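In order, the protein sequences belong to chains A and B.
Under full-length UniProt numbering, the first sequence has 180 at position 180, and the numbering climbs by one with no breaks.
Under full-length UniProt numbering, the second sequence has 114 at position 114, and the numbering climbs by one with no breaks.
Protein chains: 2
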Amino acid sequence: MRASDRAYEVLRTEIVEWRLRPGAVLGEVEQAERLGVSRTPLREALARLVADGLAVQHRGRGAVVSDVSLEHIDDLFALRRALEIESARIAARRSNPEDFVRLRSRFLEAGRRTDPGSREAFYDLAAELDSCIDAAVSNPYISQALRSLRVHLARVRRLAQDDPERLAVSALEHAAIAEGIAARNPEVAAAATQLHLHHSLEHIKTHAGSREDT
Amino acid sequence: MRASDRAYEVLRTEIVEWRLRPGAVLGEVEQAERLGVSRTPLREALARLVADGLAVQHRGRGAVVSDVSLEHIDDLFALRRALEIESARIAARRSNPEDFVRLRSRFLEAGRRTDPGSREAFYDLAAELDSCIDAAVSNPYISQALRSLRVHLARVRRLAQDDPERLAVSALEHAAIAEGIAARNPEVAAAATQLHLHHSLEHIKTHAGSREDT
DNA sequence: TTCAAGATCAATGTATACAGATTCACGAAG
DNA sequence: CTTCGTGAATCTGTATACATTGATCTTGAA
Chain A
1 MRASDRAYEV
11 LRTEIVEWRL
21 RPGAVLGEVE
31 QAERLGVSRT
41 PLREALARLV
51 ADGLAVQHRG
61 RGAVVSDVSL
71 EHIDDLFALR
81 RALEIESARI
91 AARRSNPEDF
101 VRLRSRFLEA
111 GRRTDPGSRE
121 AFYDLAAELD
131 SCIDAAVSNP
141 YISQALRSLR
151 VHLARVRRLA
161 QDDPERLAVS
171 ALEHAAIAEG
181 IAARNPEVAA
191 AATQLHLHHS
201 LEHIKTHAGS
211 REDT
Chain B
1 MRASDRAYEV
11 LRTEIVEWRL
21 RPGAVLGEVE
31 QAERLGVSRT
41 PLREALARLV
51 ADGLAVQHRG
61 RGAVVSDVSL
71 EHIDDLFALR
81 RALEIESARI
91 AARRSNPEDF
101 VRLRSRFLEA
111 GRRTDPGSRE
121 AFYDLAAELD
131 SCIDAAVSNP
141 YISQALRSLR
151 VHLARVRRLA
161 QDDPERLAVS
171 ALEHAAIAEG
181 IAARNPEVAA
191 AATQLHLHHS
201 LEHIKTHAGS
211 REDT
């Protein structure tokens, strides 16, 4: 694997996981020494982070981790609505129903689980639904836009703590989306997606800041 | 201005204007010498082109200008529908109506023009409508997605020749979009946008290949 | 005491040199 | 004649050295 790819992956993960906070300065020499690569591949990694919107370039002061606050969440979710609702419509028209029937069952089961490991399992399941929708849509332009969007969503998710109750409701909402796609009904899938996005945004805006950052 | 920015702008323009055809190999040393910059800033420019989707990186063979063919047009327009229809809705809710009333008049006037310079004037006007919608939406995430999309659209546009008749009809469609936004009616604006995209796609798919490349 | 101007320093932007990898071509063997 | 292997050439990937720009601190004057 190329050194620039490694540097990019490490920095991206650290930014998404809030180990690098918004406003943190990414000095080239400093990060290059820390990651054990030269400045050249690190600069390439920084350029990709800037292209992703995870960092912004200040001239003379280097790159800093981009800000993410409640003021931008409405904007982020507006893009999410545009992309995910249309994706759900397209997936409902082109999907292989059996995959989504299975996903629906697994979401319903996940909604009944309350053990400690259920949170990570739920996030994995949600990521799997995203992947299946991507595969069903099979549109490289939309896929790229969704990938870019999901990176920002992963950052924003840390703003609000997902409590078990929210996870259970969210599982039902995901099940409804899978059900709509499995039924090959574009408008039902779109409506279920819109409902889910609405509740997700409301939850984040209500519970923002409740998370104690370590 | 930085050398890497200049190299990026030049290469991007040449790709969009089909001076660099799909499949053309962008050798680093070759392009660096041609543009009068070193390999380091040129590599940064290539990385940005790859991030934009205008080039794809082959290992060992360098970067080649990405392919754009009729098979991808449906995918591209699916993304366009998702983004532009939602943008029109949001713009209709937040716009300053007077700007769009003016734009509507200018589109109606442009639709009556038939002189040789009308084509470029029309494209400039359409770009101005895009800018005004962007400003009304005032959503950096959507704006970035739209910018990325429009680069690809500019490439695709060269696949089909816009004849005067199509330009006149397109002007009326743009006027309808501006009218819907000026009336602050989201669904009218969305419908006008959908209609325009449908006709635009139909025109491209019907007239593709009719353009004699110089 | 405060503001401004200059100098110094540090960090970015660029160039070049070197190493590793991949591809293409040529030759030999089946 | 085709196919596989080897070798060379070229191109990418990385590192380092140098230049240039911007930021910060200090000093002097009002």
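We treat Cβ as the ideally placed atom computed from N, Cα and C, and that holds for glycine.
Being a predicted model, the structure only gives us computed values, none of them experimental.
Exercise for the section: Please list the residues of the stretch 71-84 of chain B that have a C-beta atom closer than 8 Å to any C-beta atom in chain A, keeping them in chain order. Expected result: So the close ones are H72, D75, L76, A78, L79, R81, A82, L83.
Practice task
Mark V56(B) as exposed unless 16 or more other C-beta atoms lie within 10 angstroms of its C-beta, in which case mark it buried.
Solution key: exposed
Handout entry: Nearest to E202(A) (by Cα), restricted to the options S87(A), R106(A), L70(A)
Key = L70(A)
Practice task
With a threshold of 16 other CB atoms inside 10 Å of the CB of S200(B), please say whether the residue is buried or exposed.
Solution key: buried
Handout entry: For H198(A), the nearest candidate out of L35(A), D74(A), E128(A) (CA to CA)
Key = D74(A)
Problem - Segment contact flag, the stretch 179-196 of chain B with the stretch 78-95 of chain B, C-beta cutoff 8 Å, min 3 pairs - result: yes
Practice task
Find out if the Cβ-Cβ distance for the pair E28(B), R48(B) is shorter than 8 Å.
Solution key: no
Exercise for the section: May I ask you to list, following chain order, the residues of the stretch 127-141 of chain A that have a beta carbon less than 9 Å from some beta carbon of chain B? Expected result: Correct list: V137, S138, N139, P140, Y141.
Problem - Candidates A154(B), E120(B), G23(B), L103(B): closest to G180(B) by CA position - result: L103(B)
Handout entry: Every unbroken beta strand (DSSP E) inside the stretch 56-114 of chain B [3 residues or more]
Key = 62-65
Handout entry: Beta-carbon contacts of R155(A) that lie in its chain and below 6 Å, excluding the five residues immediately before and after
Key = Non-local beta-carbon contacts of R155(A) in its own chain, meaning distances under 6 Å to residues more than five positions away in sequence, involve V16, V68 in chain order.
Exercise for the section: Indicate whether at least one CB of chain B lies closer than 8 Å to the CB of G53(A). Expected result: yes
Exercise for the section: For the alpha helix (DSSP H) holding P186(A), just list the boundary residues, first then last. Expected result: 186-207
Problem - Nearest-angstrom Cα separation, counted from A145(A) out to V101(A) - result: 26 Å
Exercise for the section: Using a Cβ cut-off of 9 Å, pull out every chain B residue sitting near T40(A), in sequence order please. Expected result: Going along chain B in sequence order, the residues near T40(A) (Cβ under 9 Å) are T40, R43.
Problem - C-beta atoms of G111(B) and A171(B) nearer than 8 Å - result: yes
Exercise for the section: Please state whether DSSP places A183(A) in a helix, a strand or coil. Expected result: Collapsing the DSSP output to three states places A183(A) in coil.
Exercise for the section: Report the neighbours of E98(A) on chain B: residues whose CB is nearer than 8 Å to its CB, in chain order. Expected result: Neighbours of E98(A) on chain B: none; closest Cβ ~24 Å, over 8 Å.
Exercise for the section: Can you grab the Cα-Cα spacing for the pair S131(B) / E84(A), in whole Å? Expected result: 24 Å
Exercise for the section: Tell me, please, whether the CB atom of I181(B) is closer than 8 Å to any CB atom in chain A? Expected result: no
Practice task
Check whether the Cβ atoms of T13(B) and A88(B) lie closer than 8 Å to each other.
Solution key: Result no, Cβ atoms of T13(B) and A88(B) do not sit closer than 8 Å.
Exercise for the section: Just the chain A side, please: which residues come within less than 8 Å of R48(B) by C-beta, in chain order? Expected result: By Cβ distance, chain A contributes A47, A51.
Practice task
With a threshold of 16 other CB atoms inside 10 Å of the CB of N139(A), please say whether the residue is buried or exposed.
Solution key: buried
Problem - Top-ranked residue by Cα proximity to D115(A), from A160(A), R157(A), P164(A) - result: P164(A)
Handout entry: For S148(B), the first and last residue of its enclosing alpha helix (DSSP H)
Key = 140-157
Handout entry: Range of the contiguous alpha helix (DSSP H) that encloses S118(A)
Key = 118-137
Problem - Cβ-based contacts, 9 Å cut-off: residues of the stretch 152-167 of chain B near chain A - result: Across the stretch 152-167 of chain B, CB contacts with chain A closer than 9 Å involve H152, in sequence order along the chain.
Practice task
Let me know the secondary structure DSSP gives V37(A) once reduced to three states.
Solution key: coil
Handout entry: Contacts of I90(A) in chain B (Cβ-Cβ under 7 Å)
Key = A78, listed in chain order.
Problem - L172(B) in three-state terms, based on DSSP - result: helix
Exercise for the section: Pick out whichever of H196(B), D162(B), N185(B), R157(B) has its Cα sitting closest to the Cα of H174(B). Expected result: H196(B)
Exercise for the section: Please decide whether Q57(B) counts as near chain A, where near means a Cβ-Cβ distance under 8 Å. Expected result: no
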